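In my numbering, each number is its position in the sequence shown, counted from 1, plus 3.
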Amino acid sequence: MSVKSTVSISEGQDSFPALVKAAEKGGVVTVTRHDEPVACVIGHDRMSAIAETLEILGNAVAMKAITEHRAGRTKFGQLDDIPE
C-alpha cells in the first residue's frame, strides 16, 4: 500500500500501521481535519534529530561557536592544549 503525504483523520485511522511504517522510513504524513492540517506522523529518529537541532539553536554558547567557525575564526588543536 502506498501512503500519501497527507491523509484525513478517517483515512489515517484506516491505515495507521502503514502511516507508522512510512514514518519509520523517514517520511512525514500530515493528518487533516476538514482539509486543515492538525497533526503529523513522524518517525522517532527524525523527531530526535529535530529536537537536537532545536536544542543547539537555543544554546547561545553553541550558536556563537558555530558562527565563529563559519566565519573562520576558530583554531583547531589538541585537547591537551586547552588550559584547565
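The C-beta atom is built at its ideal place from N, Cα and C for all residues, glycine as well. These figures come from a predicted structure and were not determined experimentally.
Return the bridge partner residues of residue i from the DSSP annotation.
| i | result |
| --- | --- |
| valine 44 | Val32 |
| glutamate 39 | Arg36 |
| threonine 9 | Thr33 |
Within 10 Å of its beta-carbon, does residue i have 16 or more other beta-carbons around it, so buried, or fewer, so exposed?
| i | result |
| --- | --- |
| leucine 22 | buried |
| glycine 80 | exposed |
| glycine 75 | exposed |
| glycine 15 | buried |
Return the first residue and the last residue of the alpha helix (DSSP H) that residue i is part of.
| i | result |
| --- | --- |
| leucine 22 | 19-27 |
Looking at residue i: is its Cβ nearer than 8 Å to the Cβ of residue j?
| i | j | result |
| --- | --- | --- |
| threonine 33 | threonine 70 | no |
| aspartate 12 | arginine 36 | Note that residue 12 corresponds to isoleucine in the displayed sequence, not to aspartate. Cβ distance < 8 Å, so isoleucine 12 and arginine 36 count as in contact. |
For the segment 12-28 against the segment 44-60, are there 3 or more C-beta pairs whose distance is under 8 Å? yes
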